[in-house]
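Enquirer:
Laid out in structure tokens, this is it:
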């Protein structure tokens, strides 16, 4: 079992456990403290549990080796998991928005307990810690699903900050006898909903681009070109295209070699090029080399 898979799986399980506990704590606290914003935030944390499960399933599928039906491997499974996360964010955000608008429209405001503030502060600390851990790990092991899940934690953390402000102002309204300020709790819920849906849209957009195998730009392929030109026998790079395949990269390169060498020697240069690119760049999963005569 490779280290990349072990670390990604541990991060997903950690996210599931932490989000489940936070969802339960915030949900119970939201009911007992009469906070719409905290209840909405609890549902957001609950959605994180589902998304972390989706990421875990995607990571396990991506680890499967190539087979006759999937000759390029299962790397895109992680991006499918990312797309599932984004859809969940949009759905949950819409549900939160509807609930918040309904509370405002029906003038359904209640006194919020100060205990709601303590719960939100605790949630912010935990979620920010999870974001920092998963974001750094995702970039370290080049996993788009882990990075997406990290942003899901950040969105939950930011939504908790909004909930903190809304709850705080609502409590102040109750304390000082200003009923209008009590609307800040459901208003905070509305802002959380917009934030959640926007985060879902951005992650979904990125997942679709990767699933469609977007070609890396010139700046991103510069290192691949430099490695190619250091291989003995390569006279020139005719074309080099690198495309994403899940968390991996597949390179298609056409090179020019001495026209006087044998086919076997040309094949040897191509094999050396493939080996060097895969050795020097961990993200490269496969390399397809086409050899042309140099003129």
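Numbering (UniProt numbering), first residue to last: 1 to 295.
All C-beta atoms, glycine included, are put in the ideal place defined by N, C-alpha and C.
Since this is a predicted model, take the numbers as computed values, not measurements.
What is the DSSP secondary structure of residue 1, reduced to helix, strand or coil?
Expert: Reliability of the predicted coordinates at residue 1 is poor, the pLDDT of 47 falling under 50, and the value obtained from them is presented with this limitation in mind. Coil.
Enquirer: With a threshold of 8 Å on Cβ separation, who are the neighbours of residue 104 within its own chain once the five nearest residues in sequence on each side are excluded?
Expert: Here the set comprises 183, 186, 187 and 190.
Enquirer: Measure the beta-carbon distance from residue 92 to residue 47 and round it to whole angstroms, keeping in mind my assumption that it falls under 8 Å.
Expert: Indeed they touch by this definition, with Cβ atoms about 4 Å apart.
Enquirer: When the distance is taken between beta carbons, is residue 155 closer than 8 Å to residue 195?
Expert: Yes, they are a contact pair.
Enquirer: Bridge partners for residue 240 per DSSP, in chain order?
Expert: Bridge partners of residue 240: 253.
Enquirer: If you follow the alpha helix (DSSP H) that residue 272 is part of, which residue opens it and which one closes it?
Expert: That run of the alpha helix (DSSP H) goes 263-280.
Enquirer: Going by Cα to Cα distance, which pick from 286, 203, 197 and 24 is closest to residue 224?
Expert: It is 286 whose Cα lies nearest to the Cα of residue 224.
Enquirer: For residue 179, which of helix, strand or coil comes out of DSSP?
Expert: It is helical.
Enquirer: Quick one: using the 10 Å Cβ neighbour count with 16 as the cut-off for buried, is residue 217 buried or exposed?
Expert: With fewer than 16 Cβ atoms within 10 Å of its Cβ, residue 217 is classed as exposed.
Enquirer: Just checking, does the segment 3-21 make contact with the segment 129-146 on the three C-beta pairs under 8 Å criterion?
Expert: Yes: the two stretches touch, three or more of their Cβ pairs being nearer than 8 Å.
Enquirer: Under a three-way DSSP split, which group does residue 106 fall into?
Expert: Of the three classes helix, strand and coil, the one that applies to residue 106 here is coil, per DSSP.
Enquirer: Please state whether DSSP places residue 231 in a helix, a strand or coil.
Expert: Note: residue 231 maps to coil in three-state DSSP.
Enquirer: Could you tell me if residue 82 is buried or exposed, where buried requires 16 or more neighbouring beta carbons within 10 angstroms of its beta carbon?
Expert: Burial call: buried.
Enquirer: Beta-carbon separation of residue 192 and residue 37 under 8 Å?
Expert: Yes, Cβ-Cβ distance for residue 192 and residue 37 is below 8 Å.
Enquirer: Distance check for residue 293 and residue 251, CA to CA, integer angstroms please.
Expert: Approximately 20 Å, taken between the alpha carbons.
Enquirer: When the Cα atoms are used, what is the spatial distance from residue 146 to residue 101?
Expert: Cα-Cα distance, rounded: 33 Å.
Enquirer: By the 10 Å Cβ neighbour count, where 16 or more other Cβ atoms means buried, how is residue 258 classified, buried or exposed?
Expert: Exposed.
Enquirer: Using 10 angstroms around the beta-carbon of residue 267, count the other beta-carbons present and answer buried if the total reaches 16, otherwise exposed.
Expert: With fewer than 16 other Cβ atoms within 10 Å, it is exposed.
Enquirer: If you draw a straight line from the alpha carbon of residue 282 to that of residue 14, how long is it in whole angstroms?
Expert: So the alpha carbons of these two residues sit roughly 26 Å apart.
Enquirer: How about residue 200 and residue 96: are their beta carbons less than 8 Å apart?
Expert: No; because the gap between Cβ atoms is not below 8 Å, this pair is not in contact.
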